[in-house]
Structures are given as structure tokens and as C-alpha cells.
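Residue numbers (the numbering used here), protein chains in the order written: chain U, 1 to 225; chain F, 226 to 450.
2 protein chains.
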Amino acid sequence: MPVKRRPGTRVEPESVSELTTERLSVYLRCLEGLDRARIKTVSSRTLAEHLHLNPAQIRKDLAYFGEFGVRGVGYYVTELSRHLRQILGLDRRLSVVIVGAGNLGMALADYPGFRREGFEVIALFDTAPHKIGGTSRSGVPVLDIAELKEVAAREHVDIAVIAVPADASQSVAESIVAAEIRAILNFSPGAVRAPDGVKVKNMDLTVSLASLSFYLAQGTNGQTR
Amino acid sequence: MPVKRRPGTRVEPESVSELTTERLSVYLRCLEGLDRARIKTVSSRTLAEHLHLNPAQIRKDLAYFGEFGVRGVGYYVTELSRHLRQILGLDRRLSVVIVGAGNLGMALADYPGFRREGFEVIALFDTAPHKIGGTSRSGVPVLDIAELKEVAAREHVDIAVIAVPADASQSVAESIVAAEIRAILNFSPGAVRAPDGVKVKNMDLTVSLASLSFYLAQGTNGQTR
Numbered sequence: 001m002p003v004k005r006r007p008g009t010r011v012e013p014e015s016v017s018e019l020t021t022e023r024l025s026v027y028l029r030c031l032e033g034l035d036r037a038r039i040k041t042v043s044s045r046t047l048a049e050h051l052h053l054n055p056a057q058i059r060k061d062l063a064y065f066g067e068f069g070v071r072g073v074g075y076y077v078t079e080l081s082r083h084l085r086q087i088l089g090l091d092r093r094l095s096v097v098i099v100g101a102g103n104l105g106m107a108l109a110d111y112p113g114f115r116r117e118g119f120e121v122i123a124l125f126d127t128a129p130h131k132i133g134g135t136s137r138s139g140v141p142v143l144d145i146a147e148l149k150e151v152a153a154r155e156h157v158d159i160a161v162i163a164v165p166a167d168a169s170q171s172v173a174e175s176i177v178a179a180e181i182r183a184i185l186n187f188s189p190g191a192v193r194a195p196d197g198v199k200v201k202n203m204d205l206t207v208s209l210a211s212l213s214f215y216l217a218q219g220t221n222g223q224t225r
Numbered sequence: 226m227p228v229k230r231r232p233g234t235r236v237e238p239e240s241v242s243e244l245t246t247e248r249l250s251v252y253l254r255c256l257e258g259l260d261r262a263r264i265k266t267v268s269s270r271t272l273a274e275h276l277h278l279n280p281a282q283i284r285k286d287l288a289y290f291g292e293f294g295v296r297g298v299g300y301y302v303t304e305l306s307r308h309l310r311q312i313l314g315l316d317r318r319l320s321v322v323i324v325g326a327g328n329l330g331m332a333l334a335d336y337p338g339f340r341r342e343g344f345e346v347i348a349l350f351d352t353a354p355h356k357i358g359g360t361s362r363s364g365v366p367v368l369d370i371a372e373l374k375e376v377a378a379r380e381h382v383d384i385a386v387i388a389v390p391a392d393a394s395q396s397v398a399e400s401i402v403a404a405e406i407r408a409i410l411n412f413s414p415g416a417v418r419a420p421d422g423v424k425v426k427n428m429d430l431t432v433s434l435a436s437l438s439f440y441l442a443q444g445t446n447g448q449t450r
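So this is what it looks like as C-alpha cells:
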């Protein structure tokens, strides 16, 4: 498929930002909804209205990966969904481990959305002897962190999630890197460092509360209901 | 402060999207980092490079709320941070309750980022008799869901977080609405419905994994390291 880019805006794949990939994921969610509603085609303008985004931004995001739109028609919903799943790497099963079998780790291990989207949580890891050997409610086993490297190699683990207290997060990140896992989702507060070639995404749950705070603040000013 | 808008792109405050408010929150996080590094001014271009965003998008997002930039200087870091905190409603303490004292609820009650940003989790609510009367590790009390309305009125609760299984989420949302809480952060899979005047934000943790999946997929294709 030919990749169309505007002259003068050449972008290296490395520079596709997390905000862009999150938008792609949001487009995919919306398209899957349209698909379930048996809607066949959608324009960037309609997508933009659904998502409160600029149509030009949507066209630009999608054009970066190929020529998906058809003039006078828009996008074919099923086809674009399939392409986005492919671009996002969601067309295959991804193997996930979670380090930290506390409340957050256990909650994430049992999070129903992960499996639905093709992410399989194969194990939790911890250092606490009383946790090792147990399982999460849905049956994910808790293993000794000492086994991480061996399990990662045997099971081809794609992504490690850090769900330990802040003071342990950097040393956990180093164990993950040593186990040759190439993608880290960090729920611990504060950023963790990893060498080039390992992608770290720091989750900040306060961003979602801030978005509600905005709504309440505007409401207080009488600007929204 | 005068609000500058492009002619022909008049936007109602209601239509400021969640993606925009999340970008504002990301700008704020970046500006706070610059502020700690004692950097006084920053251009939209430099901000854009930090965040892998389009400078025009940043200028547009900020211009919507007022004329913050100074020609030839850029933005004053401390001043813009303060304005963004105000716009996001983060210049005051917000009172939060969490419904569901399972693993996720307990993890959220003890999440250190919330308090740092001015969100105070004042109580967890549950229906299970063996949980009621207990506390989270950091001391947030678990109360009977039957007390929600009374507590919400007495403590002026701003935001309720839903952390219950999917099959209970809609009835919990209705209890929250009945308690006259106007903002809901829903961690249960599947959207919950609420009447006009109540803002619901559905959190989808799979979006963050999808962003890592994209990186791995591109890497597998040899397009990134």
C-alpha cells in the first residue's frame, strides 16, 4: 500500500507520538462501534464529530500510514478497522506479564478488557514468599521474580507491566530489561529509565481525573451545564 | 482576559473534547517539568518537540482559552502553568469517592498521584459486610454504599470513581447520580449511562497497551529499532 505524505512534512516512524497512537486506538474503538451498527462507510467529518476532533487531524493521522480514504465516499469502516488493528499490532495475541502482585497488579491481571483486545496476561511476579504460588481471582499465577528471565524467554513475553511501589520501580525496570522484554507499561508514580530499544509508557491515572476536574471547573463558572 | 478564536471556528465550551483536556493536562505536566528546571519561557515549537505534537495544535488549544503567547518570546512557563491549573480546575482541592473496595478500588484509593494533584479520596463504598468498616492501606475508610448519598451531601463530593464488576456498574452509576455527584470516572468495562448534567469518563486501560503494541509491531517490521 502506497504511503502518502505531504511534501515537507517527512516524519520518521520513531517520531510517531504516543498521542498519535492513542488517537489511532480511539479511531479504532469508534470504527468498531460503527461496524457493530452495520454502518459501511464514514467520512472524516463524521468521525471528527463523533470524537470532537478536527477532520484534518484525522485525515493526517491516517494518511501517514497509507491512502485509506476514498474521495466522495470516505472510509470503508470494516477495512479501515482491519488496517488499524494491523498498524497497532492488534491483529495478533500479545503476551503480557505484570510485576507486583499487590492490589493494582491483581486488578490488572483480572482486567477483562485486556483479553478481549488480544492481550494475554500469562503471569504475575512478586518477591513476597506468601504471594508466590498463589493466583489472581481469574487464575493468573504469581511467580517468583527470580524466574522472570526464564519465563520471558520461554513464553516470548511482549510487554511487562510495572505495578510496584515507587521505590522499587527502577530496579524492577532493570530486571525487565535484563529479561529482554522490549515494552514496559509503568503504573508506578515517577518515570522509570530504560535503555534505547526498550519502549516505556508511563501511565498517569491523574490525567483522567484532571479531565473531569476541567468539566466541573467550567460548570462552576456557568459555562457548561 | 480576551479569548481569541479564529473566525469561522466558533466552538461552544461544551464541545471542548476530552482529548483536548487531556492534551492540556499533558502540557501542564511538561510545563511543570520545565518550571522545576528553572526554564522561564518556552515556544510552541519547543513544547511541540518535547511532546511530539504539531506546534499549530498547541497554539490552537491554548488560544481557545485566552491569549497566552507573547510574540518573539513564546509562553512564560510559570504563568502558563498557573493558568492551565486554573483552566483544569486543579487550583483547588477536589473530593473523590470510590465505589467498589476490591483490588482496583483499593489500589486507586492508595494511588499516590491523586493526592499530589489535589484529589482527595475521602471514602471507598462497598456492599460486602466483611469489607465495610475496614480501611485501605493508606487509611481510606470503607463505608456502606447505603451511606453514599449522605456522605456526598455532607462532604461535597466532586467525583465518584466506579471500580466494580461490569454487571454492577450501571446500578452503581445510578446511585452516584442519585447522590447528586456530577462527575464519574468509570473503570468498569463497558460504558455507563448517566443523565445530562453528569459527566462520565470511561477509562480504557487497553488503550495504553495498544500504544506499546504499535511500537512492537513497527519494530517487528524493522521500521523502528
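The beta-carbon is built from N, C-alpha and C at its ideal position, and this holds for glycine as well.
- Under the DSSP assignment, LEU104 (chain U) falls in the alpha helix (DSSP H) whose first and last residues are 103-109.
- For ILE159 (chain U), the chain F residues whose C-beta falls within less than 7 Å of its own C-beta are LEU434, LEU437, listed in chain order.
- In the displayed model, PHE439 (chain F) falls within a helix according to three-state DSSP.
- In the DSSP assignment, ALA56 (chain U) falls outside any beta strand (DSSP E) and lies within the alpha helix (DSSP H) extending over 55-63.
- Closest by C-alpha distance to VAL77 (chain U), out of U:GLY102, U:ARG38, U:ASP110, U:ILE98, is U:ARG38.
- In terms of beta-carbon proximity, LYS131 (chain U) stays away from the interface with chain F, with every pair separated by 8 Å or more.
- Annotated as proximal: LYS356 (chain F) and ALA326 (chain F), with beta-carbon spacing under 8 Å.
- Below the 8 Å Cβ cutoff, chain U contributes no neighbours of SER268 (chain F), its closest Cβ being approximately 18 Å away.
- For the options F:ASP316, F:GLU375, F:ALA388, F:VAL321, the alpha carbon positioned closest to that of ASP351 (chain F) is the one of F:ALA388.
- Around the beta-carbon of LYS265 (chain F), fewer than 16 other beta-carbon atoms lie within 10 Å, marking it exposed.
- Annotated as distal: LEU329 (chain F) and ILE159 (chain U), with beta-carbon spacing of 8 Å or more.
- For PHE119 (chain U), the beta-bridge partners assigned by DSSP are U:LEU94.
- Rounded to whole angstroms, the gap between the alpha carbons of TYR75 (chain U) and ALA348 (chain F) is 47 Å.
- Cβ-Cβ distances below 6 Å link VAL423 (chain F) to VAL402, ARG407 in the same chain, with the five nearest sequence neighbours on each side left out; the list follows chain order.
- Under DSSP, no beta-bridge partner is assigned to PHE412 (chain F).
- For the pair SER436 (chain F) and GLU18 (chain U), the CB atoms are nearer than the 8 Å cut-off.
- Sorting U:THR135, U:ARG93, U:ILE98, U:GLY134 by C-alpha distance to the C-alpha of ARG115 (chain U) places U:ARG93 at the top.
- Runs of the alpha helix (DSSP H) lying entirely within the region 346-433 of chain F and spanning at least 4 residues, in chain order: 373-380, 391-403.
- Under the three-state reduction of DSSP, VAL251 (chain F) is assigned to helix.
- By the 16-neighbour rule on beta-carbons within 10 angstroms, GLN218 (chain U) is buried.
- Of U:ASP204, U:THR21, U:GLY133, the smallest CA-CA separation from GLU342 (chain F) is found for U:ASP204.
- At a cut-off of 8 Å between C-beta atoms, GLY325 (chain F) does not count as an interface residue with respect to chain U.
- Beta bridge pairing from DSSP links GLY89 (chain U) with no other residue.
- Each of U:ARG137, U:TYR27, U:LEU80, U:VAL99 was checked against the Cα of ILE184 (chain U), and the nearest Cα belongs to U:VAL99.
- Neighbours of GLU117 (chain U) in chain F, taken as residues whose beta carbon is under 8 Å from its own, are THR431, LEU434, ALA435 in chain order.
- DSSP places VAL77 (chain U) in the helix class (H, G or I) of the three-state scheme.
- DSSP lists U:TYR76 as the bridge partner or partners of THR41 (chain U).
- When the five nearest sequence neighbours on each side are left out, the beta carbons in the same chain lying within less than 6 Å of the beta carbon of SER268 (chain F) are those of GLY299, in order along the chain.
- Taking all protein chains in view, the Cβ of ASP335 (chain F) is crowded by 16 or more other Cβ atoms within 10 Å, so the residue is classified as buried.
- Taking CB atoms only, HIS50 (chain U) has no neighbour in chain F less than 8 Å away.
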